[in-house]
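Taken in order, these protein sequences are the chains called A and B.
1 is the number of the first residue of the first sequence in my numbering; add one for each residue after it.
500 is the number of the first residue of the second sequence in my numbering; add one for each residue after it.
Contents: one structure, followed by commentary.
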Amino acid sequence: MENVLANILPAIGIVFDPINLLVIVLGVVAGVCMGILPGFGGSQALALMFPFTFIMDAEASILFMVSTYSAAEYGGSIPAILIRTPGTTAAAMTVLDGFPMAQKGEAHRALMISITSGVFGGISSSLVFIVAATGLAWIGLLFGPSEMFALGVLGLAIIGSFVGKDPTKGFIAAAFGLLLSTFGESAFGTVRFNFGQSYLDDGIPLIVMIIAMLAAPEVFRLMGLVTAEAEAAARISDDVLANKGSKFGWKDFRKLLPTMARGSLIGTAIGAIPGPGPTVGTVVAYTEEKRWSKRPDEFGTGIDEGIAAPESANNAVVAGALVPALALGIPGSGAIAVLIGVLISKDIVPGPTLFSEGGPLVLAIFIGLIVCNLFLLLCGIFGIRYFVPIVKVPGRILGPFVMLMLVIGAYAYDNNITHSVMVLVLGAIAFWMDKFKFSTIPVILGFVMGPIIENNLNRAMVITQGDIVGLVTRPITLTILILAVVTAVIAYRRSNSGA
Amino acid sequence: MKITQISQRSGDIAGALIFMATSVGAYLVSLDFLPPVLPGDPGAAFFPRAIVAVIFLFGLILLARRLRRGRPPAGGPNEDPVGSTGAGVTVDLSSFGVTVISVLALIAGMAFVGFEPAAFGFLFILLGWRTGRWVWAAITSIIAVGLMYLAFVALLKVHLPMLFLPKYLTL
């Protein structure tokens, strides 16, 4: 806690640096625009924006990406409310009450509830984040290499188990990501899996993996939309631009406060668990709100609580997911893996030591999240009419532009054309994996976690003189590994029961 | 466009076999890695081999589960609760092929001709083909290439292989 107090002024200084404030605004605008596009969630937005961090310093990069992520999660609710097409999967629950409200001629009110609840969720979870993450990092400092190795395995077990319906596919995908992370130079003075190709000597760049695994499947799908008939017609209520319908005011805000508080709490808690992500967060928040409500029958007809609960949970997930990512180095979702990738690309290693030795950066992220949510609120209140036309952009037109961005983004990392080819090859693999329900999120998480797991395993084995049994039977290590096995067993039982 | 239906079960079996073959191939490659030199040092091959063992094991589990359940009855209910649906997966191979070829052409064009003509050709052909509005496609492509040049080359300092734009447009 002393660290927090000592770093608070430098952290405020970082966030309120004019360049960083500009970067946050740009992140918010880019995030909302991308979130609006159907199929583009937080992770896709971050993958596309990653190349822009190459010219930024560490603080600006992470603030830009956190703002983009937070704004993209909000942006997904705009098409959900207006045209019944959620921009992100997490916004699917917003459709249930948001669209009927828009149909009643109150689209503007629905959008205001959405932005207010989202910002409330984002800010309140940021406050929880700093307390929870500091505590978790303190526990993390007690861990040695074997415990960190086991923690990495647990993270992958949770993600493999719960991302997608079939844990077997999740584990294969996570292991595939781990395998790809071993390509190129190793700590053993040897180059692995370069197949005689010099461009593989440095391994597969993280930016290539992020673009290929997170953005490419959706872009391949967009490229497949050739005719206008393949798309749903975008019908947008004119009420949004005309600002018709009943106004959303202070009285409504106070009425929805308990709903937003519950949603935020659920979102933060679910966000902190690796795997489930914002989609599960919004589903649980909506279901719980319906259970708590005195008028559950009205859910689905366009009521305020039906929008406020999932929206506050949706944005609260962002800060929640940052807790294990920054405190323990375990990314809980594809988007968080990108954020960790940004930190690693700036030579900052997430984990317990980031809190003790990382200076004001962690606090700057927390304050940056609050500031970005305030910008998001302004953006939502005053700028919504300018974002609405993006909903009308047809996927068949969008596809070629985004594909071009992917190719250039991969090239931009090292001015190397082979990286663009790698994106095409790995992107095609990701597209087919996605088609056959092998989620690509565990692949990217395995890729990010691979070096962390291997380095800790190697260090632990050197310490124990190669005694693998002695390594895995250390009390905390064993407990964490048992938890990993229990997680997998629960996932199999769940999938076998068809839940 | 040629649309093909592939059952989820067939896709899973093919996927399991591909991953198992990948793991076997990776294991064979790992035989050439340097052996450990220090006591307790696991060596360069230890971690990759542990991973390929995991891939092979879960590939085998996936294969066994799909083969054991047998082929679902035509039009019957989904008998496999773990991701298999009777409806199967819709695959548009020609559209996928067009995407791959057009991106390969873009990359080759960038490498051998330059960014501007390659990106313009890529956008112009795909947009024109999709909308049927060729003049609009040409204008949009020119504007998009100009904006990308400004964003990536002028602002982000990416050394894209340019043909002519830097001679006329610099910041």
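Backbone N, C-alpha and C fix where the C-beta goes; we use that ideal spot for every residue, glycine too.
Ranked by Cα distance from A/Gly351, the first of A/Leu445, A/Ile452 and A/Arg494 is A/Ile452.
Among the CB atoms of chain A, one or more fall inside 8 Å of the CB of B/Ser594.
Comparing alpha-carbon positions, the option among A/Gly267, A/Ile348, A/Ser333 and A/Leu256 lying closest to A/Asp304 turns out to be A/Leu256. At the C-beta level, A/Pro442 and A/Gly170 come within 8 Å of one another. Contact annotation for A/Phe387 against chain B: no contact, minimum CB-CB distance about 19 Å [criterion: below 7 Å]. In the three-state reduction of the DSSP assignment, B/Arg632 falls in the coil class. Only residues of its own chain outside the window of five on either side were considered, and among them Leu659 have a CB closer than 6 Å to the CB of B/Val652, listed in chain order. In the three-state DSSP reduction, A/Gln197 falls in the coil class, being neither helix nor strand. Around the beta-carbon of B/Val612, fewer than 16 other beta-carbon atoms lie within 10 Å, marking it exposed. Rounded to the nearest whole angstrom, the CA to CA distance from A/Phe143 to B/Ile641 is 56 Å. As a beta-bridge residue in DSSP terms, B/Thr589 pairs with B/Gln504.
Membership of A/Met405 in the alpha helix (DSSP H) is indicated by the continuous run Gly395 to Asp414. Chain B has a Cβ within less than 8 Å of the Cβ of A/Leu179. When DSSP states are grouped into helix, strand and coil, A/Gly184 belongs to the strand group. Contact with chain B is found for A/Pro51, since one of that chain's Cβ atoms lies less than 8 Å from the residue's Cβ. Not one beta carbon of chain A lies nearer than 8 Å to the beta carbon of B/Gly587. Taking the Cα positions, A/Arg396 is about 12 Å away from B/Leu622.
Annotation: the continuous alpha helix (DSSP H) that includes A/Ser126 extends over Ala107 to Gly140.
Bridge pairing for A/Arg192: A/Gly184 [DSSP].
Close to A/Ile482, with beta-carbon spacing below 8 Å, lies no residue of chain B; the smallest spacing is near 18 Å. With the criterion set as a beta carbon lying under 8 Å from some beta carbon of chain B, the members of the stretch 380-404 of chain A are Arg396, Ile397, Gly399, Pro400, Phe401, Met403 and Leu404, in sequence order. Within the stretch 140-181 of chain A, not a single complete beta strand (DSSP E) segment reaches 3 residues in length.
By the neighbour-count criterion, in which a residue is buried when 16 or more other Cβ atoms sit within 10 angstroms of its Cβ, A/Val486 is exposed. Taking 8 Å as the cut-off, the beta carbon of A/Gly224 is found closer than this to the beta carbon of B/Ser594. In the DSSP assignment, B/Phe651 falls outside any alpha helix (DSSP H), carrying neither H nor E.
Among the residues facing chain B, A/Gln465 is included, as its CB has a counterpart in that chain under 8 Å away. Cβ proximity to chain B below 8 Å picks out Ser186, Phe188, Gly189, Thr190, Arg192, Phe193 and Phe195 from the stretch 186-204 of chain A.
Ranked by Cα distance from A/Ile83, the first of A/Val131, A/Pro100 and A/Asn314 is A/Pro100. The CB of A/Met260 never comes closer than 8 Å to any CB in chain B; the least such distance is about 35 Å. Interface criterion met: the Cβ of B/Val528 is under 8 Å from a Cβ in chain A. Taking a C-beta cut-off of 8 Å against chain B, the contacting residues of the stretch 51-65 of chain A are Pro51, Phe52, Phe54 and Ile55, listed in chain order. Closest in C-alpha terms to A/Ala80, from the list A/Gly383, A/Ser67, A/Thr473 and A/His108, comes A/His108.
For the C-beta of A/Glu454, the chain B residues within less than 8 Å are, from N- to C-terminus, Phe546. Residue state for A/Val349 is assigned as coil, using DSSP reduced to three classes.
Taking each of A/Ala47, A/Ile12 and A/Pro10 in turn and checking the Cα distance to A/Gly427, the smallest one comes out for A/Ala47. When the beta-carbon positions are compared, B/Phe518 and A/Ile172 come within less than 8 Å of each other.
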